[in-house]
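S.K.:
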Amino acid sequence: MSDSSAIGAVSAVLTRVIREAVAPFFPSPSVTLGTPEALQGNQGDSPRVNVFLYATHPNPSMRNFDLPHRDGQGTVIEQPKLALDLHYLMSFYGAESDMQPERLAGATLGALYRDPVMSRTVIEDAVSDILVTDPGSFVAESDLADQFERIHLSPIALTIEEISNLWSMFQTPYALSAAIEVSVVIIEPEVEVATGPPVMGRGIFVVPALHPVIDSIEPQTVDASSGEPIVIRGRHLGGDGMLVQVGDLRVDAPAAGPSRLRAQLPPGVTAGVHPVRVIRTLQMGDPPRRRDVAESNTAVVIVRPVVTGAAFAAAPEPAVTVQIDPAVQPEQKVALLISEANPPPGQAPASQKIERTVQAATSSVEFAPVSVPPGDYLLRVRVEEAESALQLLPDGSLTGPLVTVP
502 MSDSSAIGAV SAVLTRVIRE AVAPFFPSPS VTLGTPEALQ GNQGDSPRVN
552 VFLYATHPNP SMRNFDLPHR DGQGTVIEQP KLALDLHYLM SFYGAESDMQ
602 PERLAGATLG ALYRDPVMSR TVIEDAVSDI LVTDPGSFVA ESDLADQFER
652 IHLSPIALTI EEISNLWSMF QTPYALSAAI EVSVVIIEPE VEVATGPPVM
702 GRGIFVVPAL HPVIDSIEPQ TVDASSGEPI VIRGRHLGGD GMLVQVGDLR
752 VDAPAAGPSR LRAQLPPGVT AGVHPVRVIR TLQMGDPPRR RDVAESNTAV
802 VIVRPVVTGA AFAAAPEPAV TVQIDPAVQP EQKVALLISE ANPPPGQAPA
852 SQKIERTVQA ATSSVEFAPV SVPPGDYLLR VRVEEAESAL QLLPDGSLTG
902 PLVTVP
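Plus 501 on top of the position in the sequence shown (first one is 1) and you've got the working numbering.
If you want it as structure tokens, here you go:
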């Protein structure tokens with residue numbers, strides 16, 4: 502871990518690294534920390550590198566790696582870790598006639614590119630050197646070298662606009678400069694972490710490693726009131742404790758082999774298109790209770806509504822009231838499709854589509870206004886993209902459901 506002095510320790514170590522990088526080229530290089538400022542007179546010709554921490558940012562890849570660190574009551578249950586990237590601006594000064602700023606920049610950037618990691622050894626050596634000249638320095642208490650993530654140095658490409666914005670804040674003449682990112686610095690605030698109660702017992706349960714897989718569902722379209730089961734074919738469907746989940750409802754599904762399940766639609770299933778999953782469960786815990794241990798991929802089944810009755814009423818406005826099974830649920834979209842049963846020869850059948858959204862659960866839905874000529878009309882109901890079927894005779898002719906418009 503790193504304590505609150507980690508940022509200052511990084512600045513101190515970076516200053517030492519830069520000083521060692523430029524020392525072979527300049528006998529007495531000066532490396533300073535702080536806001537860039539212009540020196541007066543001959544002082545401005547002395548070779549100098551200034552290091553300034555101008556921004557800190559949360560590290561994007563580690564921003565939430567320790568969350569959550571508090572429980573629902575706000576108690577700290579995990580040591581919080583703040584992951585930061587530090588942005589430094591290095592400014593280079595010296596006699597321009599001797600190109601000292603350019604030479605300082607080349608030595609510094611070359612050294613940082615050659616050794617882009619602040620290793621444990623580099624940090625410990627830097628701390629030792631600092632304590633030789635300043636035994637009371639804060640770095641004596643820093644544990645930056647023990648951080649589990651290594652600290653990397655990488656250049657930052659600043660645009661002209663970004664450089665201009667930075668130097669306009671300093672209110673000092675521009676000097677040759679470059680920016681680097683120091684990543685990642687982990688700060689762990691000192692907090693008391695709550696410990697859980699001791700383990701009172703242990704339970705080991707063996708769970709199959711293979712998850713169930715659905716390849717197909719037969720039939721994929723089922724009348725809600727038919728009582729017809731669905732057959733799921735796939736892989737790894739054998740064993741006890743298998744459930745079929747249709748939407749949010751579940752039903753037991755005894756396995757008929759490793760590749761086949763047979764299940765009724767769960768009671769209360771509504772009309773519409775529903776996702777289907779196979780869930781493997783296991784009795785676990787104390788007291789034992791059924792728990793999900795594996796889940797299949799998702800397939801779909803279409804639960805088709807059934808028209809059980811229909812009546813036409815002329816007042817207060819022409820309307821058709823349809824009895825639907827299962828009941829339509831609040832906010833479901835329902836459409837009635839009317840088509841003339843026996844149109845005159847050579848004419849297209851008269852038809853109409855009426856849509857509405859119900860506000861309360863009901864099995865009786867009124868559709869109005871009906872604007873078709875008198876006659877017998879075939880009815881179909883569509884609930885959330887699932888459409889009821891028409892009744893057929895053995896010869897293929899349509900017989901219903903019908904409503905008569907007088």
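Positions of the beta carbon are idealized from the N, C-alpha and C atoms, including for glycine.
To the nearest angstrom, how far is it from the Cα of G637 to the Cα of V628?
M.R.: Going by the C-alpha atoms only, they are around 12 Å apart.
S.K.: If you reduce the DSSP assignment to three classes, tell me which class T634 lands in.
M.R.: In this structure, T634 counts as helix in the three-state DSSP scheme.
S.K.: What residues match up with K834 in a beta bridge as DSSP calls it?
M.R.: Per DSSP, T858.
S.K.: What do you reckon, are the CB atoms on E885 and G773 nearer than 7 Å?
M.R.: The answer is yes: Cβ separation under 7 Å.
S.K.: According to DSSP, is Y675 helix, strand or coil?
M.R.: Correct three-state label for Y675: coil.
S.K.: Out of L515, E597, H653, L605, which has the shortest C-alpha to C-alpha gap to N560?
M.R.: For N560, the nearest C-alpha among the options comes from H653.
S.K.: With R703 as the anchor, note down where its beta strand (DSSP E) starts and where it stops.
M.R.: Note, R703: premise wrong, no beta strand (DSSP E); not H, not E.
S.K.: I'd like to know whether the C-beta atoms of T516 and V552 end up nearer to each other than 7 Å.
M.R.: For T516 and V552, yes; Cβs fall inside 7 Å.
S.K.: Can you check DSSP and say which residues form a bridge with R791?
M.R.: The partner list for R791 (beta bridge, DSSP) reads Q784.
S.K.: For chain C, find out if any of its Cβ atoms is closer than 7 Å to the Cβ of P875; answer yes or no.
M.R.: In the structure shown, chain C does not exist; there is a single protein chain.
S.K.: What span of residues does the alpha helix (DSSP H) with Q601 cover, start to end?
M.R.: Segment 601 to 615, the alpha helix (DSSP H) holding Q601.
S.K.: Quick one, which of I688, F706, E642 has its alpha-carbon nearest D586's?
M.R.: Of the listed residues, the one whose Cα sits closest to D586 is I688.
S.K.: Quick check on this structure: which residue in A522, D546, A887, S872 has the alpha carbon closest to the alpha carbon of G611?
M.R.: Selected option, being the one with the closest Cα: A522.
S.K.: So, helix, strand or coil for N666, using DSSP?
M.R.: It is helical.
S.K.: State the Cα-Cα distance for the pair E867 and P730, rounded to the nearest angstrom.
M.R.: Whole-angstrom Cα-Cα distance: 31 Å.
S.K.: On a CA-only basis, which of K834, R881, N843, A556 is nearest V859? Give me that one, please.
M.R.: Taking only the C-alpha atoms, the option nearest V859 is K834.
S.K.: What's the gap between the Cα of H775 and the Cα of A800?
M.R.: Going by the C-alpha atoms only, they are around 8 Å apart.
S.K.: Return the first residue and the last residue of the alpha helix (DSSP H) that G897 is part of.
M.R.: Counting along the chain, G897 falls outside any alpha helix (DSSP H), and DSSP gives it neither H nor E.
S.K.: Which value, in whole angstroms, describes the spacing of the CA atoms of A851 and V873?
M.R.: Roughly 7 Å separates the two Cα atoms.
S.K.: Are A646 and R621 close, meaning C-beta to C-beta below 7 Å?
M.R.: Yes, the pair counts as a contact, with Cβ atoms nearer than the cut-off.
S.K.: Leaving out five residues before and five after L893 in sequence, what residues of the same chain have Cβ atoms less than 8 Å from its Cβ?
M.R.: Here the set comprises L899, T900.
S.K.: Sort out for me which residues DSSP pairs L880 with in a bridge.
M.R.: Per DSSP, I839.
S.K.: What residues are listed by DSSP as bridge partners for N551?
M.R.: Partner(s): T533, S592.
S.K.: Say whether the region 591 to 607 touches the region 668 to 678, bearing in mind that this needs 3 or more beta-carbon pairs closer than 8 Å, one atom from each stretch.
M.R.: Yes: at least three Cβ pairs fall under 8 Å.
S.K.: Between the Cα of A816 and the Cα atoms of M785, R857, V871, R790, which residue gives the shortest distance?
M.R.: The option with the nearest alpha carbon to A816 is V871.
S.K.: Nearest-angstrom Cα distance between P720 and G740?
M.R.: Rounded to the nearest angstrom, the two C-alpha atoms are 23 Å apart.
S.K.: Can you tell me where the beta strand (DSSP E) holding L750 begins and where it ends?
M.R.: 750 to 753 is the span of the beta strand (DSSP E), which, as asked, contains L750.
S.K.: Tell me which same chain residues have a C-beta within less than 6 Å of the C-beta of S562, skipping the five on either side of it?
M.R.: Cβ within range, chain order: n/a, list empty.
S.K.: Where does S655 land, buried or exposed, given buried means 16+ other C-beta within 10 angstroms?
M.R.: Classification of S655: exposed, given that the 10 Å Cβ count is below 16.
S.K.: Out of P759, A887, F526, V723, point me to the one whose CA is closest to L838's CA.
M.R.: For the residues P759, A887, F526, V723, the minimum Cα distance to L838 belongs to A887.
S.K.: Considering only the alpha carbon of each residue, which of P759, S760, P768 lies closest to S727?
M.R.: That would be P768, whose Cα lies nearest to the Cα of S727.
S.K.: Would you mind sorting Y878 into buried or exposed? The rule is 16 or more other CB atoms within 10 Å of its CB.
M.R.: Buried: at least 16 other Cβ atoms inside 10 Å.
S.K.: Can you check which of these residues, L750, S531, L711, is closest to G735 by C-alpha distance?
M.R.: Ranking L750, S531, L711 by Cα distance to G735 puts L711 first.
S.K.: Considering only the beta carbon of each residue, do A828 and T863 sit closer than 7 Å?
M.R.: Yes; because the gap between Cβ atoms is below 7 Å, this pair is in contact.
S.K.: Would you please state the rounded distance, in angstroms, between the beta carbons of P806 and A725? I believe it to be under 8 Å.
M.R.: Indeed, because the Cβ distance is near 6 Å, the residues count as touching under 8 Å.
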